[in-house]
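So for the sequence shown, UniProt numbering puts the first residue at 1; every next one is plus one.
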Amino acid sequence: MRTVYGVLEQGGGQIGILESPTGTGKSLSLICAALTWLRSYKRKTFEVSIDTAASRFKDEPDWVVEQLLKRKRAEIVDLWEEREATMRDIRAREALMEQREKKRRKYDEGAVSREVRDKDDIDEEWLLDEEEGEDVPKFSNMGKEEIDESGEGDQIKIYYTSRTHSQLTQFISELRRPTFPPSVPDEFVKHAEDHEAEAIKHVPLSSRQRLCINPSVARLKSLSAINDRCSELQQSKTKDKCQFIPKADNLGETHRFRDNVLATLPDIEDLYRLGKSFQVCPYYASRTAIPGAEVITLPYPLLLQKSARDALGIKLDGNIVIIDEAHNIMDAIANVYASEISLRDLIRARLLLEVYVKRFGKKLKGENRAMVGQVARVVDGLRVWMENALNLKTSQGIVDANDLLKHKGIDQINLFKLVDYIQRSKLAYKIEGYAAQIETQEASKMAAPFSSTPVLHTLLSFLLSLSNLSSEGRIFYHRVGGKEQEDIKLSYLLLSPTHAFSSIASKARAVVLAGGTMSPFDDYTAHLFPNLAPGKITTLSCGHVIPASNLCVWTLASCHPKNKVNRTEFEFSYQKRGDKTMIRELGLAILNICTAVPDGVVIFFPSYGYLDEVVGVWGETDSTQPASIWSKLQGKKAVFDKAILGEDPSEAVGVKAGTKARGALLLSVVGGKMSEGINFSDRLGRCVMIVGLPYPNINSPDWKARIEYIESTTVKQLTECEAPRPRSEALATAKQAARDFYENACMRAVNQSIGRAIRHRNDYAAIVLVDRRFGTARIRQKLPGWIQNGLIGGSEDGGLGQMMSKVSGFFRGKQ
């Protein structure tokens, strides 16, 4: 907490990179440090404002100054107390209505049926307008005057983001636990002993897909279709305007919605419920609560993408940004800007355009007619390239953007203008909406279904990538499907997150990256903040809250001691991992571990393909071994692999393993569904094994491009700086930087899987790292600090017997 507080106090673009293992109270520590600093800052700001007011009257008599300052303090405090009283009244009413609200939450989500209209009237809904208005209604300043008078509009805010809504919901639960000092000094509060602690003002933000309360829009399912339909309903020429949009005639409901949000610490479901209750759109009305909020929670995409921040009215200047679960922040940035389209999508898109033009072609005029024609040309040009690519000998590779755009004259089309038109006219929504309507009316007559995939929205995303190509991005192609259903896809990948993240880091007062397994730290400093001075970055790796006696970490390099002749070493590299002798010895090691470990064992393999290969070898029998290793494992524990049902696989394992006293054995994959966000606490996971180092495929086009990009940019930086290095030295440094990035990607995935073992302060587990390379200093130093401290010295030198002695003793001690 002191480290986080210090980062926020320094400000000036300070960066904190913090690692705190699961179960150590990371979320609560972030909350307490950030809110304590914020309230302290507000109190200081209050005192500074009083001092500033006093300086303006320095020539006046002391008694005049004293009276003026007394009045100023009273005005601010009275406004604060009035606001807090309102918040208390709202919370009291919410408490009384809680039982009633539970019943009201079971509302009907069914779509509102439309009145039957004749076919031409229905069709006109999908006709492109000659002129379109603004995309977002200008009501975002609603209530701003009241807020600015109280000074709320200039206050620093904490933007807290995490990967999923469920993680944000857990954070909000933690946010409800602590209390904090008031934001005005105690000596100015009247009857301070009678006051409740000042509640935290919190606003959750989300997409229309989660917050839309208009049944006719929400039923569209696709996020892109919902966005376009919502904007369509706000246009001045639209027949059926959305009645939930905040406007002058529902100003009172919007203000009540805002006050309830700030008073009650809601999550996304509560925000939706409030919108239904007040009959006002929670997606838009939540913006009116932003100026008065202290903490704003939102998922990754809404923070990381500038267009999303602009749409929501989020201004990071001078504010605090906390990114939780930040171990995958670089992948998250790449995913936000990624796009792909397949040949099958393009064929579908062309069919949609033909159906639409057949119906409306004669009614389209001017810009609409020209732009629809350009969209068709782009589809045809991309389709020609992809059909030619099917004849290439290679199944994947990097695409030259100029080569991609040379067919059908696409390179003569202004893609910026075309993308702007598609967004402004809602072209994708209107064409796909019309096609879906036709499908419903004449399903038996259609040659192909239209509504299952929003292909024109997919095309729009890809065109956005094409129109924003930079040195940091690459386009790839790869074949998918079998011979009968062969297809080809084009994908855009952002190779470096530096530029995309700089718009956040350069504006915020401070940015905190926090996670349970952030090691190794090098990538964050090298690729998120490459130009930041070292003094601007603070790193911290916390130890675990468990005692050292609750952790047993062992590196298993072989089943045999180091001095044994013909010793088979465990090295699951791509070249050696097919060795059947090594796979059988791995099975022998796991059999022994399953005997010693009283409860659940979770094993992580490098890939699904290798897991299948290992299970195949374990299932083999011969005259010397009539019972297979696989059958012996099944005799030890209930064995599970990929076939896990339910939202929470750990729960499924726990229920089914309850029939066996010895627990379950779960075979999974590093980076797979079980390696992140799954809670294998207590008996579910008493031992976690990592088999091999899961290096990404260095020969894949995307990793080749990443490596090439890192090497080229590193050389450029080193040879063009103020003190340039010789090119040979720069090349060597660049190759090492690329190697570190590649290795760090592997180790982040390993560390995340290891984190499944210890989930709270009373938990205990053994961790077995099966590969001789885990014993090297280079790999060890990239493990989390608490794992390094738990490693038994020289464990890689001993064989299976020595390891079993330690592991068996560890669990006997716990029993």
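The C-beta atom is built at its ideal place from N, Cα and C for all residues, glycine as well.
These numbers were taken from a predicted model, which means no experiment stands behind them.
Inset, instruction - Return the CA-CA distance between Arg-474 and Asn-335, expressed in angstroms with no decimal places. - result: As a position in the sequence shown, residue 474 is number 474, starting the count at 1. As a position in the sequence shown, residue 335 is number 335, starting the count at 1. Using only the alpha carbons, I get a separation of about 13 Å.
Legend entry - Local Cβ density within 10 Å of residue 837, reported as buried at 16 or more and exposed below that: Since the first and last residues shown for the chain are 1 and 815, residue 837 lies out of range.
Inset, instruction - Could you tell me the distance, in whole angstroms, from the CA atom of Ala-730 to the CA atom of Phe-529? - result: Counting from one through the sequence shown, the residue named residue 730 turns up at place 730. Counting from one through the sequence shown, the residue named residue 529 turns up at place 529. Going from the Cα of Ala-730 to the Cα of Phe-529 covers about 20 Å.
Inset, instruction - Please check the pair Val-379 and Ala-349, which I expect to be a contact at CB under 8 Å, by giving their CB distance rounded to whole angstroms. - result: Indexing the sequence shown from 1 puts residue 379 at position 379. Indexing the sequence shown from 1 puts residue 349 at position 349. Right, the Cβ-Cβ distance comes to about 5 Å (below 8 Å), so this counts as a contact.
Inset, instruction - Give me the Cα-Cα distance between Lys-408 and Gly-381, rounded to the nearest whole angstrom. - result: Against the sequence shown, residue 408 aligns to sequence position 408. Against the sequence shown, residue 381 aligns to sequence position 381. Approximately 5 Å, taken between the alpha carbons.
Inset, instruction - Could you check what DSSP says for Lys-562 in three-state terms: helix, strand or coil? - result: Here residue 562 refers to the residue found at position 562 of the sequence shown. Here Lys-562 sits in coil by DSSP.
Legend entry - Stretch pair the region 536-553 + the region 770-789: three plus CB contacts closer than 8 Å: yes
Inset, instruction - Please list, in chain order, all residues of the same chain as Lys-363 whose beta carbon is under 7 Å from its beta carbon, the five residues on each side excluded. - result: Along the sequence shown, one-based indexing puts residue 363 at 363. Counting only Cβ-Cβ distances below 7 Å, and skipping sequence neighbours, we find Leu-127.
Legend entry - Same chain only: Cβ atoms within 6 Å of Leu-460, ignoring 5 sequence neighbours per side: Sequence index remark: in the sequence shown, residue 460 carries index 460 (1-based). Excluding positions up to five away in sequence, the list reads Ile-422, Ala-428.
Inset, instruction - Using a threshold of 9 Å, state whether the C-beta atoms of Leu-490 and Glu-340 are closer than that. - result: Reading the sequence shown from its first residue, position 490 is the one you call residue 490. Reading the sequence shown from its first residue, position 340 is the one you call residue 340. Their beta carbons are under 9 Å apart, which means Leu-490 touches Glu-340 by this criterion.
Inset, instruction - Let me know the beta strand (DSSP E) ranges lying completely inside the region 243-317, each 3 residues or longer, listed in chain order. - result: 295-299
Inset, instruction - For the beta strand (DSSP E) containing Ile-341, list its first residue and its last residue. - result: Locating residue 341 in the sequence shown gives position 341, counting from the first residue. Start and end: 339-342.
Inset, instruction - Over the uninterrupted alpha helix (DSSP H) stretch that includes Gly-397, give me the two end residues. - result: Within the sequence shown, numbered from 1, the residue matching residue 397 stands at position 397. Gly-397 -> not in any alpha helix (DSSP H); beta strand (DSSP E) instead, spanning 396-399.
Inset, instruction - For Thr-440, count neighbouring Cβ atoms within 10 angstroms of its own Cβ and tell me buried if that reaches 16, exposed if not. - result: The sequence position of residue 440 within the sequence shown is 440, counting from 1. Flag for Thr-440 reads exposed.
Legend entry - Through-space distance from Ala-757 to Trp-618, alpha-carbon basis: If you number the sequence shown from 1, residue 618 lands on position 618. If you number the sequence shown from 1, residue 757 lands on position 757. Answer to the nearest angstrom: the Cα atoms are 25 Å apart.
Legend entry - Three-state class that DSSP yields for residue 817 in the structure shown: With the chain represented from 1 up to 815, any question about residue 817 goes unanswered, as that position is not in the structure.
Inset, instruction - Pick helix, strand or coil for Phe-171, following the three-state DSSP scheme. - result: Within the sequence shown, numbered from 1, the residue matching residue 171 stands at position 171. DSSP places Phe-171 in helix when its eight states are reduced to three.
Legend entry - Straight-line Cα distance separating Asp-641 from Tyr-610: Translated into the one-based positions of the sequence shown, residue 610 becomes position 610. Translated into the one-based positions of the sequence shown, residue 641 becomes position 641. Roughly 13 Å separates the two Cα atoms.
Inset, instruction - Go to Ser-668, then tell me how far its beta strand (DSSP E) extends in each direction, as first and last residue. - result: Against the sequence shown, residue 668 aligns to sequence position 668. First-last of the beta strand (DSSP E) with Ser-668: 664-669.
Legend entry - For Gly-515 and residue 822, believed in contact at Cβ under 8 Å, the rounded distance: Summary: the structure shown does not reach residue 822, with the chain confined to residues 1 through 815, and so no result is reported for it.
Legend entry - Inter-residue Cα distance where the pair is Arg-256 and Thr-733: For this step, residue 256 is matched to residue 256 along the sequence shown. For this step, residue 733 is matched to residue 733 along the sequence shown. Rounded to the nearest angstrom, the two C-alpha atoms are 60 Å apart.
Inset, instruction - Using the DSSP secondary-structure output, state which residues sit across from Trp-554 in a beta bridge. - result: Against the sequence shown, residue 554 aligns to sequence position 554. Paired residue(s): Val-768.
Inset, instruction - Have a look at the DSSP bridge pairing and note the partners of Ser-541. - result: Here residue 541 refers to the residue found at position 541 of the sequence shown. The partner list for Ser-541 (beta bridge, DSSP) reads Glu-19.
Inset, instruction - Please state if the CB of Arg-509 and the CB of Gly-313 are separated by a distance shorter than 9 Å. - result: As a working note, residue 313 is residue 313 in the sequence shown. As a working note, residue 509 is residue 509 in the sequence shown. For Gly-313 and Arg-509, no; Cβs fall outside 9 Å.
Inset, instruction - Please report how far the alpha carbon of Lys-144 lies from the alpha carbon of Tyr-41, in whole angstroms. - result: Residue 144 sits at position 144 when you count from the first residue of the sequence shown. Residue 41 sits at position 41 when you count from the first residue of the sequence shown. Per-residue confidence for Lys-144 stands at a pLDDT of 39, beneath the threshold of 50, marking its modelled position as unreliable; no derived number is given.
Inset, instruction - Spell out the partners DSSP gives Cys-687 in its beta bridges. - result: As a working note, residue 687 is residue 687 in the sequence shown. Answer by DSSP bridge pairing, in chain order: Val-601, Ala-766.
Inset, instruction - Could you tell me if the beta carbon of Glu-47 falls within a distance shorter than 8 Å of some heavy atom in the ligand GTP? - result: Questions concerning the ligand GTP fall outside what the structure shown contains, since it holds no ligand whatsoever.
Inset, instruction - Would you identify the three-state DSSP class for Phe-640, choosing helix, strand or coil? - result: Numbered from its first residue, the sequence shown carries residue 640 at position 640. In this structure, Phe-640 counts as strand in the three-state DSSP scheme.
Inset, instruction - Assign Leu-390 to buried or exposed, taking buried as 16 or more other Cβ atoms, counted over all protein chains shown, within 10 Å of its Cβ. - result: Within the sequence shown, the letter at position 390 stands for residue 390. Looking at its Cβ environment, which holds fewer than 16 other Cβ atoms inside 10 Å, Leu-390 is exposed.
Inset, instruction - Label residue 818 either buried or exposed according to how many other C-beta atoms from any shown protein chain fall within 10 Å of its C-beta, with 16 as the threshold for buried. - result: Outside the modelled stretch of the chain, which goes from 1 to 815, sits residue 818, for which no answer is possible.
Inset, instruction - Within 10 angstroms of the Cβ of Arg-778, are there 16 or more other Cβ atoms? Answer buried if so, exposed if not. - result: By one-based count along the sequence shown, residue 778 stands at place 778. Result: exposed.
Legend entry - Closest by C-alpha distance to Gly-616, when choosing among Pro-606, Ile-629, Gln-625, Gln-167: Counted from its first residue, the sequence shown places residue 616 at position 616. With distances taken between Cα atoms, Gly-616 lies closest to Ile-629.
Inset, instruction - Give a yes or no on contact between the region 597-604 and the region 713-726, applying the rule of three or more CB pairs nearer than 8 Å. - result: no
Inset, instruction - Grab me the residues of Gly-11's own chain with a C-beta within less than 8 Å of its C-beta, minus the 5 sequence neighbours each way, in chain order. - result: Position 11 of the sequence shown, counting from 1, holds the residue named residue 11. Once the five neighbours on either side are set aside, the close Cβ partners of Gly-11 are Arg-509, Ala-510.
Legend entry - Three-state class that DSSP yields for Arg-474 in the structure shown: As a position in the sequence shown, residue 474 is number 474, starting the count at 1. Of the three classes helix, strand and coil, the one that applies to Arg-474 here is strand, per DSSP.
Legend entry - Cβ pair count under 8 Å reaching 3, the region 75-88 against the region 210-222: no
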